[in-house]
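Worksheet for the structure shown next.
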Amino acid sequence: MQAMATPQPSNQEPDTDDVSAALHLLGDSLEVEVQRINTEGSQAMQVGDYDTAQAVIDFAKRLTAFRAKVNDLGEEWLKLEEMRDKATAEVQQIVSKRFFGKSKKGQITPNLAYCKPLLQVLEEMGGSGKTKAVLDRLGEKMKPVLLPKDYEPHESNAKQIRWRNTAQWARNKMVNEDGRMKKDSPRGIWEISPAGSAWLKKNQS
């Protein structure tokens with residue numbers, strides 16, 4: 001077997017890596033995989049292959065737990081981004097060279113600004129809606145507050161507009177952190193939870 005070459009350090013400064021987008025992409029991919037595994041595991045159960053079905057269930061549980069850890073990492077990263085945004089310009093210059101990208105405070109609309117209008121959109125749609133439809137309506141509602149950089153392509157995915165990515169992180173926050181959106185919604189559907197409706201009533205002004 002041919003020995004693998006030892007990686008050599010590059011003399012070039014590395015490209016910006018958007019950790020937030022990467023974690024979000026990983027979380028989405030894991031969600032799709034969990035649903036696929038559950039579906040095929042159910043098929044094994046239906047044909048009486050109980051050993052396979054049980055093994056699939058055990059694997060799906062582990063994968064679901066791993067996905068939850070990825071979501072937690074995403075929330076922790078958002079806190080790091082908020083910490084960076086509150087720092088002085090000198091500190092931002094040092095810490096923002098790679099993993100945080102080049103967006104400074106005031107250039108993009110913060111994650112938390114999406115939560116209330118997102119819940120309002122869901123209420124207006126009867127409590128739930130398909131992801132694209134929800135995001136389209138959210139974009140219209142947030143036009144007065146979105147900034148020019150929010151409409152630029154995301155660094156790690158040129159096909160996705162930045163504000164849509166941020167909106168999905170806001171959704172993840174409300175699903176996994178405070179329960180204002182439902183966690184067990186069908187794939188491709190966003191739903192407000194009873195806790196979200198109650199919060200919205202208290203914070204309508």
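According to this note's numbering, the sequence shown is numbered sequentially starting from 1. Glycine included, C-beta positions come from ideal geometry on N, C-alpha and C.
Meets three-Cβ-pair contact criterion under 8 Å: the stretch 35 to 55 and the stretch 135 to 150: By the Cβ test, the stretch 35 to 55 is not in contact with the stretch 135 to 150, since fewer than three Cβ pairs between them sit closer than 8 Å.
Counterpart residues of Pro153 in DSSP-defined beta bridges: Looking up residue 153 in the sequence shown gives position 153. Residue pairing from DSSP places Pro153 in a beta bridge opposite Ile161.
Short Cβ contact (7 Å threshold) for Leu200 with Leu135: Locating residue 200 in the sequence shown gives position 200, where the first residue counts as 1. Locating residue 135 in the sequence shown gives position 135, where the first residue counts as 1. For the 7 Å CB-CB criterion, Leu200 and Leu135 do not form a contact.
Sub-7 Å separation of Leu23 and Leu73 beta-carbons: For the purposes of this step, residue 23 is taken as residue 23 along the sequence shown, with counting starting at 1. For the purposes of this step, residue 73 is taken as residue 73 along the sequence shown, with counting starting at 1. In contact: Leu23 and Leu73 (Cβ atoms closer than 7 Å).
Buried or exposed (CB count within 10 angstroms, at least 16 for buried), Ser20: The sequence position of residue 20 within the sequence shown is 20, counting from 1. Ser20 sits buried, since 16 or more C-beta atoms from the chains shown fall within 10 Å of its C-beta.
Coil, strand or helix - Gly129 by DSSP: Indexing the sequence shown from 1 puts residue 129 at position 129. Strand, per DSSP.
Coarse secondary structure for Met174, derived from DSSP in three states: Stepping through the sequence shown from its first residue, residue 174 is reached at position 174. DSSP places Met174 in helix when its eight states are reduced to three.
Minimum C-alpha distance to Gly127 - residue among Gln204, Gly196, Gln54 and Ala53: For this step, residue 127 is matched to residue 127 along the sequence shown. Gly127 has its Cα closest to that of Gly196, out of Gln204, Gly196, Gln54 and Ala53.
Nearest candidate by alpha-carbon position, reference Gln204, set Met174, Glu123 and Ser185: As a position in the sequence shown, residue 204 is number 204, starting the count at 1. The option with the nearest alpha carbon to Gln204 is Glu123.
Alpha helix (DSSP H) segment containing Ile189, residue limits: Translated into positions along the sequence shown, residue 189 becomes position 189. Per DSSP, Ile189 belongs to no alpha helix (DSSP H); it is in the beta strand (DSSP E), Ile189 to Glu191.
Met181 in three-state terms, based on DSSP: Position 181 of the sequence shown holds residue 181. Strand at Met181.
Length of the line joining the Cα atoms of Trp163 and Arg171: As a first step, residue 163 must be located in the sequence shown, where it is residue number 163. As a first step, residue 171 must be located in the sequence shown, where it is residue number 171. About 12 Å.
Thr88 - containing alpha helix (DSSP H), residue span: Mapped onto the sequence shown, residue 88 falls at position 88. Per DSSP, Thr88 belongs to no alpha helix (DSSP H) and is neither H nor E.
Contact check, Arg187 vs Gln43, beta carbons under 7 Å: Against the sequence shown, residue 187 aligns to sequence position 187. Against the sequence shown, residue 43 aligns to sequence position 43. No, they are not a contact pair.
Span of the alpha helix (DSSP H), counted from its first residue to its last, around Gln122: In the sequence shown, the residue the question calls residue 122 occupies position 122. Before going on, a small fix: residue 122 reads as Leu here, not Gln. Going by DSSP, Leu122 is part of the alpha helix (DSSP H) stretching over Cys115 to Glu124.
Length of the line joining the Cα atoms of Asn111 and Ile94: One-based indexing of the sequence shown puts residue 111 at position 111. One-based indexing of the sequence shown puts residue 94 at position 94. For Asn111 and Ile94, the gap between their C-alpha atoms comes out near 22 Å.
Contact belief for Tyr114 with Thr64 at Cβ below 8 Å, rounded distance in angstroms: As a working mapping, residue 114 is identified with position 114 in the sequence shown. As a working mapping, residue 64 is identified with position 64 in the sequence shown. At roughly 26 Å, the Cβ-Cβ gap does not stay under 8 Å, so Tyr114 and Thr64 are not in contact.
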